[in-house]
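Throughout the sequence shown, residue numbering follows my numbering, covering -18 to 332 in sequence.
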Amino acid sequence: MTSLPAADALSYPYAQTQPARGASIELLPGVRWLRMGLPFALDHINLWLLDDTIDGVRGWTLVDCGIDSAPTREAWEQVFAAELQGRPVLRVVVTHMHPDHVGLAHWLTARWNCLLWMSATDYAVASMAARGCMTIGGEPMAAHFAAHGLRDETVLQAIRQRTDYYTGLVPAMPPRFRRLQHGDVLRIGGRDWRCVVGFGHAPEHISLHCAQDDVFIAGDMLLPRISTNVSVNDNEPLSNPLQQFLDSLERFATLLDNGTLVLPSHGLPFRGALTRIAQLQQHHQQRLAEVVAACASAQTAADLLPVLFKRPLDVHQLTFAMGESIAHLHKLWFDGQLRRIDDGGVYRFVR
Ligand SMILES: [Zn+2]
């Protein structure tokens, strides 16, 4: 693997000025950056306030919400008091169903009597998960990872007991929404933002691209420092999310360039989208090559964790790591580079 020339590295035009809790920073006229805390190793999420006018009323479109927690609600109250210039929230756009993005959508839309705008797939899945109709974690996840070779009983027990992960962070969903689809154009405050679908991270993730100012609200699909999580989950055990993610990156590369201002959900706003896409493609190709090499003898997804992740993992990180390990195996399996063997209820993959 060759490293990229220094001239092609990402640039961070706002690195000196991150928003304080409950405050915002204007990045472009009418585009403001907020940050909310998260109780994970990944300790923050970026949210966006867009100056907007709907039906003659001037106010704001919010992009993403934060988890439902007392500190996040308090931070929003500070934003309402100090950052909205006395104007109302007119709509809430959500990129995808993960708790840090959609958690407070129910509260924000009720408080401002406005609609949630979101893809139908993510709205449906989030609504099921928030009502406990689809458990994220718990016994189904433990059985899925056990079938992929995870044997550590302490970890499996912790996963079995973690049944309230989603409902704890997303206790409700708004009862109605406005559907966003790939190619839809939202007129927001004098700018046209085109919806760009992305797959592999969430069921139907929506990013927003403003071609006129070359700004891309990436959500979790293009992050500057960490690679987007792509996991095979227990409720969709034959999925191929890494292929979906790589296909999505190809599509993004036709829309964006290295001058595009990318607004990611985690980390700093950056320029260098094509460089970042190339880095991510290279990262996954390298991981895939390592997995193929290791599969000279039959391997489970759990066997490959030390190959793919060189650092210690807590239970939360381990669930992501297992999902990612299966995702790499599945791409190679679907590509015909590996075979899958059912070894008495445990899946092993071999060349
Ligand atoms: Zn996400």
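We put the beta carbon where it would ideally sit given N, CA and C, even for glycine.
So who's on the other strand from residue i, going by DSSP bridges?
i     : result
G200  : P245
F330  : Q280, R321
I258  : According to DSSP, I258 bridges with nothing at all.
R54   : Note: R54 sits in no beta bridge, so no partner.
L28   : L15
V178  : I187
S(-8) : R252
So for residue i, helix, strand or coil by DSSP?
i      : result
G118   : coil
F233   : helix
I322   : strand
S5     : coil
V213   : coil
D173   : strand
D195   : coil
D33    : strand
R168   : strand
R252   : strand
S208   : coil
S220   : coil
H125   : helix
T(-17) : Residue confidence is low: T(-17) scores 39 on pLDDT, short of 50, so the model does not pin down where it sits. Its coordinate-derived value is still stated next. In the structure shown, T(-17) sits in coil (DSSP, three-state: anything other than H, G, I, E or B).
Q263   : helix
R268   : helix
Q(-3)  : coil
D103   : helix
L227   : helix
Q66    : coil
Give me, in chain order, the residues of the same chain whose beta-carbon lies closer than 6 angstroms to that of residue i; leave out the 5 immediate sequence neighbours on both sides.
i     : result
T241  : D195, F197, A254
D215  : P121, M122, H125
D165  : C176
D201  : H182, T209, S246
Y(-7) : L249, F251
F315  : N221
Can you tell me where the beta strand (DSSP E) with residue i in it begins and where it stops?
i    : result
S50  : Segment: none, S50 is in no beta strand (DSSP E) and carries neither H nor E.
S100 : 96 to 100
E134 : Where E134 is concerned, there is no enclosing beta strand (DSSP E), although the alpha helix (DSSP H) it sits in stretches over 134 to 142.
M17  : 12 to 18
L23  : Taken as a continuous stretch (DSSP letters only), L23 belongs to no beta strand (DSSP E), as it is neither H nor E.
V44  : 38 to 44
G304 : G304 -> not in any beta strand (DSSP E); alpha helix (DSSP H) instead, spanning 296 to 315.
V73  : 70 to 74
L189 : 186 to 191
L161 : 158 to 161
For residue i, which residues in the same chain have their Cβ closer than 7 angstroms to its Cβ, ignoring the five residues on either side in sequence?
i      : result
L31    : G11, V12, W41, T42, V44, I169, G170
E7     : R13
L150   : I48, D49, P80, G84
V211   : G181, H182, P222, L223, F226, E305, A308
A153   : H87, A111
L237   : F197, A254, L255
D284   : G130
A327   : It should be noted that the sequence gives Val, not Ala, for residue 327. Excluding sequence neighbours, V327 sits near A128, G130, T281.
K312   : N221, L223, Q224, L269
T(-17) : Residue placement at T(-17) is poorly supported in this model, since its pLDDT is 39, which falls under 50; the coordinates are not used for a value here.
D33    : G40, W41, T42, L71, I169, G170
G113   : T148
Under DSSP, the alpha helix (DSSP H) around residue i begins and ends at which residues?
i    : result
V151 : Where V151 is concerned, there is no enclosing alpha helix (DSSP H), given that its DSSP letter is neither H nor E.
R87  : Before going further, note that residue 87 is His rather than Arg in the sequence given. Looking at the DSSP string, the run of the alpha helix (DSSP H) that includes H87 is 86 to 93.
H82  : 80 to 83
V286 : For the record, residue 286 in the displayed sequence is Leu; it is not Val. Element bounds for L286: 286 to 289.
Just to confirm my understanding: we take residue i, look at its own chain, exclude 5 residues before and 5 after, and list those with CB closer than 8 angstroms. What are they?
i    : result
V288 : E271, V272, A275
S208 : L261, H264, H265
R332 : V273, C276, A277, Q318, L319, R320
E185 : H77, S100, A101, T102, D103, V178
S5   : R13, W14, L15, L30, V60, E64
I258 : L203, L230, F233, A234, L237
N94  : none
L96  : R72, V73, T90, P155, R157, F158, R159
Give a yes or no on whether the minimum CB-CB distance between residue i and chain B is below 7 angstroms.
i    : result
L294 : Among the chains of the structure shown, chain B does not appear; only one protein chain is present.
Please find out if some non-hydrogen atom of ligand 2 comes closer than 6 angstroms to the beta-carbon of residue i.
i    : result
H190 : Inclusion of ligand 2 in the displayed structure is not the case, the ligand content consisting of ligand 1 alone.
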